[in-house]
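S.K.: Residue numbers (the UniProt record's numbering): 1 to 244. Shown below is the structure under consideration.
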């Protein structure tokens with residue numbers, strides 16, 4: 001259940017990064033504080049994968065890019081072995097690997113959206129030339145789940161251990177955090193809740209959380225969840241309404 005919640009928060013950009021906590025609990029987390037791991041930038045969701053921290057057991061940038069490469073090659077291998085009605089061209093693997101969505105530069109939008117679980121339309125458009133929508137989903141969904149699990153184990157857990165130690169060094173106590181959470185629930189209304197990051201400005205955070213909570217956490221069907229996921233295909237500068 002914990003990994004499921006983590007994936008959901010990753011999708012909605014609500015993981016408790018320092019930046020998120022600074023916005024939600026400014027009385028506890030000073031707005032001037034930088035990433036506890038590297039102290040060189042704001043710790044938002046994107047920075048989690050770009051953090052240059054280079055400890056023996058915690059190298060988020062190196063680890064994330066290695067996991068992303070594994071995710072990419074896993075998808076390629078699965079599609080190469082998926083039956084199709086049309087023979088794949090000899091250049092399929094090269095064309096697949098040259099798609100813009102696999103670029104791991106810091107400025108790559110698709111790279112970071114893929115990590116969150118949002119599939120770029122450039123990838124699905126390319127694959128539809130040979131595979132059905134069902135085949136595409138059958139290959140991508142389990143690979144993405146494995147990718148998220150390894151991110152959780154190899155990056156997020158390590159980061160959380162370091163973050164908890166950093167909080168203690170700042171004198172932040174559990175009772176403070178609980179008190180702040182209770183106060184926030186009383187004073188924050190849906191109309192004044194903080195929006196998602198600017199890249200998601202066109203989509204209401206409250207509507208996302210409410211929909212997912214009612215459809216998944218409180219007993220919604222798995223089919224509804226898949227339908228929700230397939231509506232989240234990213235196109236440049238805007239979010240598509242429909243995946244298919």
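Note that CB positions come from ideal geometry on N, CA and C, so glycine has one too.
Quick one, which of 132, 74, 53 and 124 has its alpha-carbon nearest residue 143's?
M.R.: 74
S.K.: Compare the C-alpha of residue 126 against each of 97, 2 and 107 and name the closest.
M.R.: 97
S.K.: If the criterion is Cβ atoms closer than 8 Å, does the pair residue 122 and residue 138 meet it?
M.R.: Contact: no.
S.K.: Suppose you measure from the CA of residue 119 to the CA of residue 113; what does that come to, to the nearest Å?
M.R.: 7 Å
S.K.: For residue 17, which residues from the same chain have a beta carbon less than 7 Å from its beta carbon, with the 5 sequence-adjacent residues on both sides left out?
M.R.: 43, 44, 45 and 48
S.K.: Go through its chain and collect everything with a Cβ distance to residue 21's Cβ below 7 Å, but skip five positions before and after it.
M.R.: So the list reads 29, once near-sequence residues are dropped.
S.K.: Classify residue 167: buried if its beta carbon has 16 or more other beta carbons within 10 angstroms, exposed otherwise.
M.R.: Per the 10 Å Cβ criterion, buried.
S.K.: Would you please state the rounded distance, in angstroms, between the beta carbons of residue 88 and residue 150? I believe it to be under 8 Å.
M.R.: 28 Å between Cβ atoms; not a contact.
S.K.: For a test of the three-state rule: what should DSSP assign to residue 25, helix, strand or coil?
M.R.: coil
S.K.: Determine the direct distance from the alpha carbon of residue 160 to that of residue 70, and round the result to whole angstroms.
M.R.: 24 Å
S.K.: Just how far apart, CA to CA, sit residue 23 and residue 31?
M.R.: 8 Å
S.K.: For residue 64, count neighbouring C-beta atoms within 10 Å of its own C-beta (all shown protein chains included) and say buried if the count is 16 or more, exposed if not.
M.R.: buried
S.K.: What is the DSSP secondary structure of residue 198, counted as helix, strand or coil?
M.R.: Low local confidence applies: a pLDDT of 38 at residue 198 is under 50, so the model's placement there is unreliable, with the coordinate-based value given in what follows. Residue 198 falls in the helix class under three-state DSSP.
S.K.: Taking residue 62 as part of the alpha helix (DSSP H), name the residues at either end of that continuous run.
M.R.: 60-80
S.K.: Skipping 5 residues on each side, what residues in its chain have a beta carbon closer than 8 Å to that of residue 15?
M.R.: For residue 15, where only same-chain residues beyond five positions count, the Cβ hits under 8 Å are 6, 9, 45, 48 and 156.
S.K.: When the Cα atoms are used, what is the spatial distance from residue 117 to residue 109?
M.R.: 13 Å
S.K.: Tell me the DSSP secondary structure of residue 50 in three-state form.
M.R.: helix
S.K.: Please report the residue range of the alpha helix (DSSP H) in which residue 159 lies.
M.R.: 157-169
S.K.: Using CA coordinates, which residue listed in 129, 165 and 141 is at the minimum distance from residue 86?
M.R.: 129
S.K.: Within a Cβ cutoff of 7 Å, which residues of the same chain sit near residue 106, ignoring the five residues on either side of it in sequence?
M.R.: 50
S.K.: Roughly how many angstroms lie between the CA atoms of residue 77 and residue 33, to the nearest whole one?
M.R.: 43 Å
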